[in-house]
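Asks: The opening residue of the sequence shown carries number 0 in numbering that gives the first Met the number 0; numbering runs sequentially from there.
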Amino acid sequence: MAVLDRHSSSLDSEVLQNLIQRSEGWVAGLRFWLLAASEAGDESALSQALRGSEVLIREYLLEEVIDCLPADVQAFLYDTACLERFCVGLCDAARDSHDSVEMIRYLQAHQVFLVPLDEQGHWFRYHHLFSDLLRARQAGGAQPTRLHLNACRWFSTQGQLDEAVEQALRAGHLDVAANLVQSLSEEQLLAEQNVGMLLRWKMDLPDDLLTSTPRLIVLYAWALGLACQLDAAEELANQLSRFLPAPSATAQKSMLAQWLALSGIIARGRGDSEKTERYCTEALLTLPEKRYGQRLVCLSTLANLAVANGDLWRARVLNRDALELAQRVANPLFEALAHYDRARVLQARGEILRALDEVRRGQQRLKGLSTVRLYAVRARLTLYEGYLLTLRLQVDQGRVLLLAGLAEARACRDISVLIGHCVIATMEGCAGRFAEAFAELAEVERLMHIWDVPPIYYVAMVTLVKCELWLLQGRMDLAEAWLLRLTQAYNGEPGAAAPECHPQLPQHIELQRAVLDRLQGDDVASEQRLQALERHAREVGAPLLGLIAMTQQIGLLLSQTRRDEARELLLRSLQSAAGGALIPFKTLLGEHSQWLHEQLLQLPSCKVREALLEELPASCTPTLEPAHGSDCLSVRELGVLHLIAQGCSNQEISEQLFISLHTVKTHASHINSKLGVERRTQAVARAKVLGLLG
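What follows is the structure, given as structure tokens:
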């Protein structure tokens, strides 16, 4: 856009981006702002200039747009400006009218700042600049209180209780809002897990109203527990004792079961394994069948604890039970949550490709849900797909998904933002962008402070990423001090349970300590630590953990010229990587690429071998003597050439390299052309002369 080109060089990129977002594609408004910003001399003048341009924009909208509209359309605008989003039915109900369809069609036909929110053209909102002006000047139309109450009734009849509560709060009718909150089921809350919404309502409702019924206590205790506000959740859950004894034995048993389930979740957040196991197990035995939401959360919590305890088999069984229960109740949100949990266990087992498949199954279950509403499980699945792609070395694709997942997770106030920011920080550190990496960690710490999440839930995970970054920077003093503290907390006797977001944290602490040992020149200690981790990984069935330990050992062995041992370990590593994890090979791909290339070319073809050959830098391919002005062979062509030299037919090459017969023939033709020969036998002979076959 020409208007941006003229001003982009004179404005700070952040200021420019904010102006673009604020304008929402309205070019005239953007021109007002850019002109004012470019004429400002310093930061204080810029702020004043932007405020001045905002006044000009409002005057323009009023005189050139609103005042030029028919009176009935103006009245419609002022009446509906208080609605964040609207459709024909909502506008009719809020205004006590039947002409909203004509009004909306008029606005669409005359392009009056109407923004569609879905592909069907059902839901709309106003351009934010436009709605801000309308609300500031709202007069002569229906009173906002009446509009909000009417909207509340309409949303309630549509079954959209969350929207109904929002409208009741805006109308100032707290008793109506509280009654509507009680209409929410625990199952709906636990399925959607949009705790940001519930906690926002909590700020508007008085405490005595929140604790006036067992139902409100249970709902808000769950919301606080899911938000990791553990002390507040425990305090509220204990308020249930005020309503004991319950009116009936059934009600008493149900209330106790709710308390047990809540206490189990709180104990998991605090790292108390014994209480988590006891409370969640007892809750599963006593919760009524209809409380399937709480049962699923308990199964999920126990599965996560099983991963932390190294019992991956039990975690699989619990995952299976959770998925079966979610399928029986036919709730797509709970099914998606079960698929997410299964993906996390598969990742712990090194089954990255299967974990990706599980994530995508979960996403498929959410296909029919509104894109306007926020869902924590959708955010988690998006985040986790991005993370899994980074484990496949698909960094760019992974980053896009991580950022998309973070946006929705933040809006839902979901703790999974911790995973997203830590993964991005690690990616930035590996790319040498340390300032950006530490900024990611600072941002997630800021969120944890704002959300009042206790340090035990996130500090260890963030600190471990910091240690990894410090080691990459060579700041061994900082890394050593903090790794020691982490070891004492999680690998001592007794050690705290690993946090929910990183159930294998103690083992990853040991991996970083092995890196530290090596950097400090203690290769023996590093090797012993890595070998112990490899043994542990075999015992608990966690190949990914073992793979990381093995690839670190290979680098250590190569630095000591122990090439035979390194080659043997590489063979085992390729077997452990059959599940699809490629990121453990990242250091070898960078620091020992030539050695890795030579070894891979001598090994039988497999999917992992082919994937690693594709990731190797072009510098690893030997440069050929020019033949008829040809280029050097690609990595794939070298692989085909080696199989030709072994006497394989085109069909056999196709099967071993997992490529089509046509592709094999194309590669063979390119090989002949580049080597300046006509036949396969001549190509093999020429390759031997050039030293391409080892």
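In this text, a Cβ means the ideal position worked out from N, Cα and C, and glycines have one as well.
Just how far apart, CA to CA, sit T280 and C297?
Replies: Here residue 280 refers to the residue found at position 281 when the sequence shown is read from its first residue. Here residue 297 refers to the residue found at position 298 when the sequence shown is read from its first residue. Near 8 angstroms, if we compare the C-alpha coordinates of C297 and T280.
Asks: Ignore the nearest five residues each way along the sequence and tell me which others in D340's own chain have a CB closer than 7 angstroms to its CB.
Replies: In the sequence shown, counting from the first residue as 1, residue 340 sits at position 341. Within the same chain, D340 has close Cβ partners S299, A302, N318 and A321.
Asks: With Y125 as the anchor, note down where its beta strand (DSSP E) starts and where it stops.
Replies: The sequence position of residue 125 within the sequence shown is 126, counting from 1. Taken as a continuous stretch (DSSP letters only), the beta strand (DSSP E) holding Y125 covers F123 to Y125.
Asks: Expressed to the nearest angstrom, what Euclidean distance is found between the alpha-carbon atoms of E191 and Y456?
Replies: Walking along the sequence shown from the start, residue 191 turns up at place 192. Walking along the sequence shown from the start, residue 456 turns up at place 457. One C-alpha to the other measures close to 22 angstroms.
Asks: Could you compute how far the alpha carbon of R512 sits from the alpha carbon of Q506?
Replies: Within the sequence shown, residue 512 is the residue found at index 513, counting from 1. Within the sequence shown, residue 506 is the residue found at index 507, counting from 1. For R512 and Q506, the distance between alpha carbons rounds to 10 angstroms.
Asks: If I follow the unbroken beta strand (DSSP E) through V114, where does it start and stop?
Replies: Stepping through the sequence shown from its first residue, residue 114 is reached at position 115. Element bounds for V114: L113 to P115.
Asks: Which residue's Cα is closest to the Cα of E567: P583, T550, I582 and G579?
Replies: Along the sequence shown, read from residue 1 onward, the residue named residue 567 stands at position 568. Residue T550 is the option with its Cα nearest to E567.
Asks: Candidates A667, L243 and Q107: which alpha carbon is nearest V639's?
Replies: Mapped onto the sequence shown, residue 639 falls at position 640. Nearest of A667, L243 and Q107 to V639, Cα basis: A667.
Asks: Per DSSP, F85 is paired with what?
Replies: By one-based count along the sequence shown, residue 85 stands at place 86. According to DSSP, F85 shares a beta bridge with F123.
Asks: Which residue from E165, V416 and L304 puts its Cα closest to that of T275?
Replies: In the sequence shown, the residue the question calls residue 275 occupies position 276. Of E165, V416 and L304, the residue nearest in Cα terms is L304.
Asks: Can you tell me where the alpha helix (DSSP H) with V634 in it begins and where it stops?
Replies: Taking the sequence shown and counting its residues from 1, the one referred to as residue 634 is at position 635. Going by DSSP, V634 is part of the alpha helix (DSSP H) stretching over V634 to A644.
Asks: Can you give the Cα-Cα distance for L373 and H661, rounded to whole angstroms?
Replies: Mapped onto the sequence shown, residue 373 falls at position 374. Mapped onto the sequence shown, residue 661 falls at position 662. L373 and H661 have their C-alpha atoms some 47 angstroms from each other.
Asks: Over the uninterrupted alpha helix (DSSP H) stretch that includes P205, give me the two end residues.
Replies: As a first step, residue 205 is located in the sequence shown; it is residue number 206 there, counting from the start. Looking at the DSSP string, P205 is not in any alpha helix (DSSP H), and its letter there is neither H nor E.
Asks: What does the alpha-carbon distance come out to for the pair D522 and L555?
Replies: Residue numbering aside, residue 522 sits at position 523 when the sequence shown is read from its first letter. Residue numbering aside, residue 555 sits at position 556 when the sequence shown is read from its first letter. Rounded to the nearest angstrom, the two C-alpha atoms are 7 angstroms apart.
Asks: When you compare the CB of P115 with every CB in chain C, is at least one pair closer than 8 angstroms?
Replies: The structure shown contains no chain C, having only a single protein chain.
Asks: Apart from the five residues on each side of it in sequence, which residues of its chain come closer than 7 angstroms, Cβ to Cβ, to L544?
Replies: As a working note, residue 544 is residue 545 in the sequence shown. Closer than 7 angstroms at Cβ, skipping near neighbours: Q503, Q506, L532 and A536.
Asks: In the structure shown, what three-state DSSP assignment does R169 receive?
Replies: Taking the sequence shown and counting its residues from 1, one reaches residue 169 at position 170. Correct three-state label for R169: helix.
Asks: Name the residue from A70, D98 and A347 whose alpha carbon lies nearest to the alpha carbon of S575.
Replies: As a first step, residue 575 must be located in the sequence shown, where it is residue number 576. It is A347.
Asks: Using 8 angstroms as the threshold, is the C-beta distance between G428 and L463 below it?
Replies: On the sequence shown, residue 428 is found 429 positions in, with the first residue counted as 1. On the sequence shown, residue 463 is found 464 positions in, with the first residue counted as 1. 8 angstroms or more divides the Cβ of G428 from the Cβ of L463.
Asks: Measure the Cβ-Cβ separation of S155 and L179 and say whether it is below 8 angstroms.
Replies: In the sequence shown, residue 155 corresponds to position 156, counting from 1. In the sequence shown, residue 179 corresponds to position 180, counting from 1. Cβ atoms of S155 and L179: closer than 8 angstroms.
Asks: Classify E657: buried if its beta carbon has 16 or more other beta carbons within 10 angstroms, exposed otherwise.
Replies: One-based indexing of the sequence shown puts residue 657 at position 658. The question names Glu, but residue 657 in the sequence shown is Phe. By the 10 Å Cβ count, F657 comes out exposed.
Asks: Compute the Euclidean distance between the alpha carbons of M475 and L482, then round it to the nearest angstrom.
Replies: Locating residue 475 in the sequence shown gives position 476, counting from the first residue. Locating residue 482 in the sequence shown gives position 483, counting from the first residue. If you take the alpha carbons of M475 and L482, they lie about 10 angstroms apart.
Asks: At which residue ranges does the segment 432-476 contain complete alpha helix (DSSP H) runs of 4 or more residues, listed in the order of the chain?
Replies: For the segment 432-476, whole alpha helix (DSSP H) runs of length 4 or above, ordered along the chain, are 433-449 and 454-472.
Asks: Tell me whether P213 sits in a helix, a strand or coil according to DSSP, three-state version.
Replies: The count along the sequence shown starts at 1 and reaches residue 213 at position 214. The answer is helix: DSSP assigns P213 an H, G or I state.
Asks: Between which residues of its own chain and L311 is the CB-CB distance below 8 angstroms, once the five residues before and five after are set aside?
Replies: Within the sequence shown, the letter at position 312 stands for residue 311. Hits under 8 angstroms: A305, V344, A347, R348, V539, G540 and A541.
Asks: Let me know the alpha helix (DSSP H) ranges lying completely inside the segment 540-594, each 4 residues or longer, listed in chain order.
Replies: 542-558, 562-575 and 585-590
Asks: Below 8 angstroms on the Cβ atoms is my guess for L259 versus A222; work out the distance and round it to an integer in Å.
Replies: Sequence index remark: in the sequence shown, residue 259 carries index 260 (1-based). Sequence index remark: in the sequence shown, residue 222 carries index 223 (1-based). Going by Cβ atoms, the distance from L259 to A222 rounds to 18 angstroms, so no, they are not a contact pair.
Asks: Check each candidate in L468, F333 and M447 and name the one with the smallest Cα separation from A697.
Replies: Since the first residue shown for the chain is 0 and the last is 693, residue 697 is missing from the structure and cannot be characterised.
Asks: May I have the straight-line CA-CA distance separating R695 from W200, to the nearest angstrom?
Replies: Absent from the structure is residue 695, since the part of the chain shown begins at 0 and ends at 693.
Asks: Within 10 angstroms of its Cβ, does G51 collect 16 or more other Cβ (buried), or is it exposed?
Replies: Here residue 51 corresponds to residue number 52 of the sequence shown, with the count starting at 1. Residue confidence is low: G51 scores 44 on pLDDT, short of 50, so the model does not pin down where it sits. No coordinate-derived value is stated.
Asks: In terms of residues, what are the limits of the alpha helix (DSSP H) holding C297?
Replies: Along the sequence shown, one-based indexing puts residue 297 at 298. Residues Y291 to A307.
Asks: Taking the alpha-carbon positions, what's the P246 to D230 distance?
Replies: Translated into positions along the sequence shown, residue 246 becomes position 247. Translated into positions along the sequence shown, residue 230 becomes position 231. C-alpha separation (whole angstroms): 28 angstroms.
Asks: Just the C-alpha distance for A256 and L324, rounded to the nearest angstrom, thanks.
Replies: For the purposes of this step, residue 256 is taken as residue 257 along the sequence shown, with counting starting at 1. For the purposes of this step, residue 324 is taken as residue 325 along the sequence shown, with counting starting at 1. Straight-line Cα distance between these residues: approximately 18 angstroms.
Asks: Between L261, Q393, G404 and A375, which has its C-alpha nearest L382's C-alpha?
Replies: Stepping through the sequence shown from its first residue, residue 382 is reached at position 383. The option with the nearest alpha carbon to L382 is G404.
Asks: Can you tell me the Cα-Cα spacing of E288 and R214, whole angstroms?
Replies: Taking the first residue of the sequence shown as 1, we reach residue 288 at position 289. Taking the first residue of the sequence shown as 1, we reach residue 214 at position 215. Each residue's alpha carbon lies about 18 angstroms from the other.
Asks: By how many angstroms is the C-alpha of G579 removed from the C-alpha of C500?
Replies: Mapped onto the sequence shown, residue 500 falls at position 501. Mapped onto the sequence shown, residue 579 falls at position 580. Distance between the alpha carbons of C500 and G579: 22 angstroms.
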